[in-house]
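Trainee: Residue numbers for the sequence shown follow this note's numbering, so the first one is 247 and each next one is one higher. First the structure, which I've put down as structure tokens, then a few questions once you've had a look.
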Amino acid sequence: MSSPKDSIPDIDKPEQQSFVKFFRSLDPPDEGTIRLFERDANQKRYYTFHDENAMYIARNVYKTLSVVKYWGGDSVKGLATTSLSASATEAFLRNALLQQQFRVEIWTQKKNSTQWELTHKASPGNLQDVEDFLFLNSSMTASPVVMSVKLGKTGEHTMVGVSFADATIKEIGVAEFIDNELFSNLESLVIQLGVKECLLVADETKKDYEATKLRDVLERCGIVATERKKADFNHKNIEQDLNRLLEGEISDPAEFEMKNAMAASACLIKYLSLLNDETTFGRFQLIHHDLSQYMRLDASALRALNLMPGPQDGSNRTMSLYGLLNRCKTAQGSRLLAQWLKQPLLNLEEIRRRQDILEVFYQDTELYQSLQEDHLKSVPDLHRLAKRFQRGMASLQDVVRIYQVVLRLPTLLMCLTAHEPEEQSKAELMRQTYLNKLNDYTSKLMKLQELVESTIDLEAVEQHEFIIKPDFDEGLQELRDKINSTRSLMDKEHNKAGEKLGLDTEKKLKLEKHSNFGYCFRVGRADASVIRNKPEYIEYSTQKVGTYFSTSKLRDLSGTWSELCTAYEKRQADLVKEVIGIVATYCPVLELLGGVLAHMDVLVSFAHVSITAPTPYIRPTIYPCGEGDVILKEARHPCMEVQDDITFIPNDVEMIRTKSEFQIITGPNMGGKSTYIRQIGVIALMAQVGCFVPCSSASICLFDSILARVGAGDSQLKGISTFMAEMLDTATILKSATKNSLIMIDELGRGTSTYDGFGLAWAISEHIATQIRAFCLFATHFHELTALSASAPHVKNLNVAVYVGEGQGQDRDITFLHKVNEGVCDQSFGIHVAELANFPSTVVKLAKRKAAELEDTEGPAEQVSNKHARQDIESIGKTADVDNMGHDTLLDRVRLIKDEFNDAMQQNPYLRDLVNGL
């Protein structure tokens, strides 16, 4: 494997000085921007990074600062510089844009000039400038969705206008809705769409309250905020701009009445430069996104359910639900899966349709395996390929890739037909969803297949050559004959060298086309000695795969072959352009085909995971919103049960309306409280996505939202305290939840004092239980909270079981059983958990001693204070002979008591209230 540096050349001093002067004349880039410079040496591309970017590359790519050079001076006055090879740069930029959420600027040198110009700009939501070379040979499994937001007012309410686009699939979406001061609806929309970047009106003053709140939401969701000028949100010409981009006129003129959404659309179109590319005209579709058709998820729920991979997951893909369920074979399938997970359905009929198709694959193992391995595995990213054709960036190789997909469609249809389900309703559903559409697309693409077979040399494709058939043109035929003749001479030279060296030309001496050396020989490193000290052989390079070498004759033949191929390409250029132009007209059909195959890919992936799980998943019964209960038998957490060295303990779940819709779970840390509540949320989401669930049986009602307060996450890194993070999440829950929501709260009230924490936990739980009446799972360390069940009959207390062995106090042997039972946990196991966490023995011993001391005393400081108060009260009683005092004498005595016991009263509120009441 080559290093990131990969023998990058040095630049002479005068050129360094000139560049340093130019670089320092540039305005500094926006925060979070990687600025790099494309260079060329000996026909090899590489890139240089400077100043802070150079240090970032050194630390994060090379893992050492020793690679940093200083142009134009020393480490104090010089310009810090590092460089990466082209392949290493592409890998780095893919990660920087998609994972680290940087913006990117690529500068190139003008031809025959020392001047530089900015040629490519990219951001997480706008990859158009770079996707052709960054993702040419790698899948783009995440959609680069960019959103534009314009805020307005309707009466006293905030009106949010939104426009969003995924340029890859040619869609512009709009939405307009009223939101609260926490922007709960916008947060849900951002999650649903998988937004990577958001365009906002520049807040010059930084004092706009709503703009600040909006930025907080974006930061919490991990979205890059990009400020644009207010003028960019002018919707004066939006109607004509949209009509140029859209396929047909806007169907619903009412969309133009959404003034804020149209203003956001104007900014979005300008930011993506959509009007600068005429190939996109008439290609886009306008969709009106309805928030109410999907379950609402907030950022906290996204984290609590481990929906998408995070940096903490490392290489363990099964730690996230997306990673677990993603057994998709196509890039478009992986993207659709991510979209489905963020957009759980509220349409029960559509959920059941997905379940029915999944059941067909689930019950026919041969079908789903054949679809995965024989058909879907070889499908390229049709959406991205279509975009390359539309932009005129496609090649003959891309034409062949499309052709190979079309060629396999009849066998895919035969496979589906041969495995038609016996149940008539499911057979009809399979026909409507797949067979009818695939038959239609196959017939429409037959002409494309004929075009390719009549124009492209498919025999040459086997040699990885992509050329027009030579019989198309007399000049092409003449060049092709010469190319074939030259190739035959190279084969003869290959056989001749094999005889001289005594090496088998099939197994040991290879004739290969190398990217740098052209056609040459290769022998394994073990046989390399046979060419040493033999002047007729020219050694090029020794690499891991072996030694490359040539002869003078082969070198000349290789040069001739390259010249002939170049001439052939020039001669066929017009024909290639014509073929690519014709194939581009099929792009709408190819995009539709990609959508159908993606849908199939996701449901086949669900079947794969459901069947191969440690215990197979089952189809849940789902009831409409507001109906039915949550009853899960032997429920498991799908991600936890597949982890190594874990024997997962399943639990039954019963959340019954009016009886146990609000559940308080108590028990020790590490006992399984968090896993229990999270697995219920994950199972509910999986059911509404249309997936089977990890239970032995399951019935679930539709939830309009899953809202969570679980863990502080990385809030401290953002300058938010644990308590503030708790309050922000809880405020969102209280403002957004309905009686059809599922609420998950884990350990509320840890970030403040015990009394304040308990008071807040009680008030919040009581409000949810009595006012909102949503299904709620509330894990807590406040055992006193279980008293809520006495006043609210639909509150049920649960605890995680713990085996307590023989022994006294903290010396008992304790085993966590991870089983959830009815009732309250009335014991504390904190010191035992500390022992399991390998606390130093001295600390554990001290903790045990202090705990024992507290058990032997009357109680904490407040109880000791009450003891003193009782003594003071007794003293007051002894000094006051009330029965024998007149009224005036009694008043005088009370005043004396207040003066005498003033200090004690200041220290004890109970005593103060008692005396002041006299």
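C-beta: ideal position from N, C-alpha, C; glycine also.
Going by alpha carbons, who is nearest to MET990 out of GLN934, GLY927, ASN1043 and ILE1018?
Mentor: Here residue 990 refers to the residue found at position 744 when the sequence shown is read from its first residue. With distances taken between Cα atoms, MET990 lies closest to GLY927.
Trainee: Terminal residues of the continuous alpha helix (DSSP H) containing GLU785?
Mentor: Against the sequence shown, residue 785 aligns to sequence position 539. Looking at the DSSP string, GLU785 is not in any alpha helix (DSSP H); the run it does join, the beta strand (DSSP E), is 783–789.
Trainee: Compute the Euclidean distance between the alpha carbons of LEU810 and ALA640, then round it to the nearest angstrom.
Mentor: As a first step, residue 810 is located in the sequence shown; it is residue number 564 there, counting from the start. As a first step, residue 640 is located in the sequence shown; it is residue number 394 there, counting from the start. Approximately 23 Å between the Cα atoms of the pair.
Trainee: Using a Cβ-Cβ cut-off of 7 Å (strictly less than) and excluding sequence neighbours within five positions of LEU722, which residues of its own chain qualify?
Mentor: Stepping through the sequence shown from its first residue, residue 722 is reached at position 476. The residues are ILE714, PRO716, TYR814, ARG817 and GLN818.
Trainee: So the candidates are GLY419, ALA413 and LYS459; which of them puts its Cα closest to the Cα of ASN426?
Mentor: Your numbering for residue 426 matches position 180 in the sequence shown. Comparing Cα-Cα distances from ASN426 to each of GLY419, ALA413 and LYS459, the minimum goes to LYS459.
Trainee: Can you give me the start and stop residues for the beta strand (DSSP E) that ASN299 sits inside?
Mentor: The sequence position of residue 299 within the sequence shown is 53, counting from 1. Here ASN299 belongs to no beta strand (DSSP E); instead the alpha helix (DSSP H) covers 298–303.
Trainee: Between the alpha carbons of ILE702 and MET932, how many angstroms are there, rounded?
Mentor: To locate residue 702, count along the sequence shown from 1; it is residue 456. To locate residue 932, count along the sequence shown from 1; it is residue 686. The straight-line gap from Cα to Cα measures roughly 46 Å.
Trainee: GLN909 lies in the beta strand (DSSP E); which residues open and close that run?
Mentor: Translated into positions along the sequence shown, residue 909 becomes position 663. Looking at the DSSP string, the run of the beta strand (DSSP E) that includes GLN909 is 908–912.
Trainee: Would you mind listing the beta strand (DSSP E) stretches within the segment 448–479 that are 3+ residues and don't spill past its ends, in chain order?
Mentor: Those beta strand (DSSP E) runs which fall completely within the segment 448–479 and span 3+ residues are 470–474.
Trainee: Can you tell which of LEU821, LEU849, ARG768 and HIS740 has the C-alpha that lies nearest to the C-alpha of LEU800?
Mentor: Position 554 of the sequence shown, counting from 1, holds the residue named residue 800. Residue HIS740 is the option with its Cα nearest to LEU800.
Trainee: What ranges does the alpha helix (DSSP H) occupy inside the segment 792–838, keeping only unbroken runs of at least 4 residues that lie completely in it?
Mentor: Runs of the alpha helix (DSSP H) inside the segment 792–838: 798–830.
Trainee: Only counting runs of 4 or more residues, tell me where the alpha helix (DSSP H) segments fall wholly within the segment 970–1042, in order along the chain.
Mentor: You should have 1000–1013 and 1034–1037.
Trainee: Tell me the rounded alpha-carbon separation between ASN1067 and ASP544.
Mentor: Taking the first residue of the sequence shown as position 1, residue 1067 is located at position 821. Taking the first residue of the sequence shown as position 1, residue 544 is located at position 298. The alpha-carbon atoms of ASN1067 and ASP544 are separated by roughly 30 Å.
Trainee: Applying the 10 Å Cβ sphere with the 16-neighbour rule, what's the burial state of HIS629?
Mentor: Position 383 of the sequence shown, counted from the first residue, corresponds to residue 629. It is buried - the Cβ of HIS629 has at least 16 other Cβ atoms within 10 Å.
Trainee: What is the DSSP secondary structure of GLU422, reduced to helix, strand or coil?
Mentor: In the sequence shown, the residue the question calls residue 422 occupies position 176. The answer is strand: DSSP assigns GLU422 an E or B state.
Trainee: Should LYS500 be labelled buried (16 or more other beta-carbon atoms within 10 Å of its own) or exposed?
Mentor: Residue mapping note: residue 500 aligns to position 254 of the sequence shown, counting from 1. The question names Lys, yet the displayed sequence has Ala at residue 500. Per the 10 Å Cβ criterion, exposed.
Trainee: My output table needs one value for LYS482: the three-state DSSP class, helix, strand or coil.
Mentor: Taking the sequence shown and counting its residues from 1, the one referred to as residue 482 is at position 236. Coil at LYS482, not helix or strand.
Trainee: If I measure Cβ to Cβ from PHE348 and keep anything under 7 Å in the same chain, skipping five residues before and after, which residues do I get?
Mentor: Within the sequence shown, residue 348 is the residue found at index 102, counting from 1. Only GLY278, THR279, ILE280 and ALA342 meet the Cβ criterion.
Trainee: Which residues mark the beginning and the end of the beta strand (DSSP E) in which GLY764 is found?
Mentor: Position 518 of the sequence shown holds residue 764. From DSSP, the beta strand (DSSP E) with GLY764 extends over 764–769.
Trainee: Using a C-beta cutoff of 8 Å, does TYR649 count as contacting chain C?
Mentor: The displayed structure is made up of one protein chain only, and chain C is not part of it.
Trainee: Quick check on THR328: does DSSP put it in helix, strand or coil?
Mentor: By one-based count along the sequence shown, residue 328 stands at place 82. In this structure, THR328 counts as strand in the three-state DSSP scheme.
Trainee: Between VAL939, HIS760 and TYR832, which has its C-alpha nearest PRO860's C-alpha?
Mentor: Against the sequence shown, residue 860 aligns to sequence position 614. For PRO860, the nearest C-alpha among the options comes from VAL939.
Trainee: When we look at the beta-carbon of GLU669 and count the other beta-carbons within 10 Å, is it buried (16 or more) or exposed?
Mentor: As a position in the sequence shown, residue 669 is number 423, starting the count at 1. Exposed, since its Cβ has fewer than 16 Cβ neighbours within 10 Å.
Trainee: May I have a chain-ordered list of the alpha helix (DSSP H) segments no shorter than 4 residues that lie completely inside the segment 492–535?
Mentor: You should have 505–517.
Trainee: ASN431 to VAL848, Cα distance in whole Å?
Mentor: Taking the sequence shown and counting its residues from 1, the one referred to as residue 431 is at position 185. Taking the sequence shown and counting its residues from 1, the one referred to as residue 848 is at position 602. Approximately 27 Å between the Cα atoms of the pair.
Trainee: One question on the structure: do VAL645 and VAL829 come within less than 8 Å of each other, judged by their Cβ atoms?
Mentor: Position 399 of the sequence shown, counted from the first residue, corresponds to residue 645. Position 583 of the sequence shown, counted from the first residue, corresponds to residue 829. It is a contact, given that the beta carbons lie within the stated cut-off.
Trainee: When you compare the segment 875–886 with the segment 613–620, are there three or more beta-carbon pairs, one atom per stretch, that lie closer than 8 Å?
Mentor: Counting Cβ pairs under 8 Å, fewer than three are found: no touch.
Trainee: Mind checking ASN483: buried by the 16 CB within 10 Å criterion, or exposed?
Mentor: What you label residue 483 is simply residue 237 of the sequence shown in a count that begins at 1. It counts as exposed.
Trainee: Which residues share a DSSP beta bridge with TYR292?
Mentor: By one-based count along the sequence shown, residue 292 stands at place 46. Answer is ARG285 and SER331, bridged to TYR292.
Trainee: May I have a chain-ordered list of the beta strand (DSSP E) segments no shorter than 3 residues that lie completely inside the segment 362–401?
Mentor: If we require 3 residues or more, the beta strand (DSSP E) runs fully inside the segment 362–401 come out as 362–368 and 391–400.
Trainee: Start and end of the alpha helix (DSSP H) containing LEU435?
Mentor: If you number the sequence shown from 1, residue 435 lands on position 189. It spans 430–439 - the alpha helix (DSSP H) in which LEU435 sits, taken as one unbroken run.
Trainee: Could you have a look at ARG955 and say whether DSSP puts it in helix, strand or coil?
Mentor: By 1-based counting over the sequence shown, the position of residue 955 is 709. ARG955 falls in the strand class under three-state DSSP.
Trainee: Going by alpha carbons, who is nearest to ASP975 out of PHE429, THR1000, SER329 and GLU524?
Mentor: Indexing the sequence shown from 1 puts residue 975 at position 729. The shortest C-alpha separation from ASP975 is found at PHE429.
Trainee: To which residues of the same chain is LYS476 closer than 8 Å at the C-beta, ignoring the five residues directly before and after it?
Mentor: Here residue 476 refers to the residue found at position 230 of the sequence shown. Around LYS476: VAL447 and ALA448.
Trainee: Taking GLN1181 as the reference, which of ARG542, GLY579, ILE469 and HIS296 has the closest Cα?
Mentor: The requested residue 1181 is not part of the displayed model; the chain covers only 247 to 1164.
Trainee: Name the DSSP bridge partner or partners of TYR540?
Mentor: For this step, residue 540 is matched to residue 294 along the sequence shown. DSSP, once it has assigned bridges, lists LEU591 as partnering TYR540.
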